[in-house]
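Going by full-length UniProt numbering, the sequence shown opens with residue 1, and the numbers climb by one from there. Backbone N, C-alpha and C fix where the C-beta goes; we use that ideal spot for every residue, glycine too. In what follows, a structure is listed as structure tokens, so that the remarks can point back to it.
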Amino acid sequence: MRKSTIILPIVFVAIVGILSSIFIVDERERALVLQFGRVVAVKEEPGLAFKIPLIQEVVRYDDRILSIDVQPLEVTPLDDRRLVVDAFARYRISDLNQFRQAVGVGGIPVAEDRLDRILRAETREVLGSVSSRDILSSDRAALMLRIRNSAIAEAQALGVNVIDVRLKATDLPQANLEATFDRMKAEREREATDERARGNEAAQRVRAQADRTVVELVSDANREAEIIRGEADAERNSIFAEAYGADPEFFEFYRSLTAYENALQGGNSSLILSPDSEFFNYLASPTGRRAPAAAASE
């Protein structure tokens, strides 16, 4: 009875000691074995590991690629056009001993705070050496690579490897947005005014050319009409002259009939003539020939 009373506590203590000396390293993490705050072992492979109970302790760190959002910062490129930059980075703990010495018991929060300051400083330095046009163009990929390479050297002191740096957004400060939009609006309105002025100028040229073409066409048509009219009048006069030369008396008779037709129009026409008028000589002649002037007067 006395032996079992002594053995059972010893077995229990031994079991507890063995269990407390065993720990498991997950495949997603690495561990440090500390003895009185000093690193005595680094466990990088997943599986079972051992430590001295009560004397040694285990500190675990994530072995995966971690992400950190850099606090938005304002940068001033070479053209003095201020920009607000929002970025993030991916990093991984590369040296557990160095990481422990750099951050102490603060762990990842302290490391990310210091890494944030490094990234902000490098971002401000790199983006401040180029123009805003370069930052907003396709060249930003090369700028992000420069920021990452500069941050790698600084982050080595933390035992951290910076894998990637990305610029999420690059915007104007809120105070400058309205002024920028107003300037853009004014520029577009000026361009629209210039386009309208050029359009009106082109329209005036087209309209003037069309008016000139109309005047030229009308002038040419009038000239051709006058030429044709003159030729027709000349031909008519030639025909009349030939007819008059062939039979002057018949020509006079024909012209008188034409004059009667033009003068005696309508159902009730009146003419006021002098007594010695020769207008009705053919009508007054008993032979149908032109009466002599003396006979007509009698």
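Contacts around residue i, its chain only, beta-carbon distance under 8 Å, and the 5 residues preceding and following it disregarded
i, result
"Asp-62", "Arg-28, Glu-29, Ile-93 and Ile-108"
"Ala-102", "Ala-111, Arg-114, Ala-157, Leu-158 and Gly-159"
"Ile-7", "none"
Three-way DSSP call (helix, strand, coil) for residue i in this model
i, result
"Glu-45", "coil"
"Leu-172", "coil"
"Ser-138", "coil"
"Ser-131", "coil"
"Ser-150", "helix"
"Gly-54", "As written in the sequence, residue 54 is Leu, which differs from the Gly given in the question. In the structure shown, Leu-54 sits in coil (DSSP, three-state: anything other than H, G, I, E or B)."
"Ile-7", "helix"
"Glu-27", "coil"
"Gln-204", "helix"
"Arg-60", "strand"
"Gln-209", "helix"
"Asp-194", "helix"
"Ser-238", "helix"
"Ile-163", "strand"
"Asp-182", "helix"
"Ile-227", "helix"
"Ser-270", "coil"
"Asp-247", "coil"
"Ile-65", "coil"
Nonlocal neighbours in the same chain, by C-beta distance under 7 Å from residue i, ignoring five residues either side
i, result
"Ser-21", "Phe-50, Lys-51, Ile-52 and Pro-53"
"Pro-46", "Val-25, Asp-26 and Glu-27"
"Ile-68", "Phe-88, Ala-89, Tyr-91, Glu-112, Leu-115 and Asp-116"
"Arg-146", "Val-126"
"residue 310", "One cannot answer for residue 310 here, as it falls past the ends of the chain, which runs 1 to 298."
"Val-59", "Ala-31, Leu-32 and Leu-34"
"Asp-164", "Ala-89, Arg-90 and Arg-148"
"Glu-44", "Arg-30"
Own chain, CB closer than 6 Å to residue i, minus 5 neighbours either side, in chain order
i, result
"Pro-173", "Arg-82 and Val-84"
"Gly-245", "none"
"Glu-57", "Leu-34"
"Pro-72", "Val-84 and Asp-86"
"Ala-41", "Val-33"
Environment of residue i [buried if 16+ CB atoms lie within 10 Å]
i, result
"Leu-136", "exposed"
"Val-162", "buried"
"Ile-118", "buried"
"Lys-185", "exposed"
"Ala-31", "buried"
"Thr-123", "buried"
"Val-70", "buried"
"Arg-100", "buried"
"residue 300", "There is simply no residue 300 to check, as the chain begins at 1 and stops at 298 in what is shown."
"Ala-151", "buried"
"Ser-138", "exposed"
"Leu-48", "exposed"
"Leu-143", "buried"
"Ser-129", "exposed"
| query | Taking only runs of the beta strand (DSSP E) that begin and end inside the region 72–101, which ones reach a length of at least 3 residues, in chain order? | reply | 83–93
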